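So for the sequence shown, UniProt numbering puts the first residue at 1; every next one is plus one.
The C-beta atom is built at its ideal place from N, Cα and C for all residues, glycine as well.
Since the model is a prediction, treat every value here as computed from it, not as a measurement.
Heads up: the structure comes next, in structure tokens.
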Amino acid sequence: MISKQDQKLLLHLRQNARCSVSDLARALNLSRSTVQNRIAKLEASGVIRGYSVELGSEYSAGQVEAHVSIKVFQKLTARTNTALEQISQVSQLYSVSGEYDLIAIVQAQSLEELSAVLDEIGNLEGVERTNSAVVLETRFRR
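Right, dumping it as structure tokens:
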């Protein structure tokens, strides 16, 4: 469990991971050293694993995204996961319950590229079948 103050700190970092420690301290009504120590503690404990780039809306608007449900032959799950990790257009991979075993988030530059990636995923050793849903519009993302 993390404290309410740490939860607030994480919320601010999610909104802007490049926010300065001084700005975070002001927003949280804490000293700079306290904020620095909390961030260091959250990093050391693995709560904060890293910082990433959020793509701009103009760039993202040109991308095509699909959620791909994947049914895997159980004995080949590890090999399939490794193969999916090597496909650069697969930005996220989730293990899920239900009829399918995995959900891959695929981002491509065009529908043609997306189609090629979907074919590549479907042809991987260990993939029994797939079902894809192309994202038409992102309403919000946190």
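{"Query": "Range covered by the alpha helix (DSSP H) that runs through Ala17", "Result": "No alpha helix (DSSP H) contains Ala17, which DSSP labels as neither H nor E."}
{"Query": "Limits of the beta strand (DSSP E) - the one that Asn94 falls within", "Result": "Residue 94 is actually Tyr in this sequence, not Asn. Start and end: Val90 to Ser95."}
{"Query": "First and last residue of the uninterrupted beta strand (DSSP E) at Val135", "Result": "Segment: none, Val135 is in no beta strand (DSSP E) and carries neither H nor E."}
{"Query": "Where the alpha helix (DSSP H) containing Leu114 begins and where it ends", "Result": "Leu111 to Gly122"}
{"Query": "Under 9 Å between C-beta atoms of Leu114 and Thr130", "Result": "no"}
{"Query": "Minimum C-alpha distance to Leu28 - residue among Ser3, Ala44 and Ser45", "Result": "Ser3"}
{"Query": "Cut-off 6 Å between Cβ atoms - residues of its own chain near Ser91, not counting five sequence neighbours on either side", "Result": "Ile105 and Gln107"}
{"Query": "Cβ-Cβ distance between Glu65 and Val135 below 9 Å", "Result": "yes"}
{"Query": "DSSP three-state assignment for Arg49, whether helix, strand or coil", "Result": "coil"}
{"Query": "Rounded Cβ spacing between Tyr94 and Leu102 (contact assumed at less than 8 Å)", "Result": "7 Å"}
{"Query": "Inter-residue CB distance, Val35 and Leu42 (contact presumed, cutoff 8 Å)", "Result": "The pair is not a contact, with the Cβ atoms about 11 Å apart (cut-off 8 Å)."}
{"Query": "Environment of Leu9 [buried if 16+ CB atoms lie within 10 Å]", "Result": "buried"}
{"Query": "For Arg129, the three-state DSSP class (helix, strand or coil)", "Result": "strand"}
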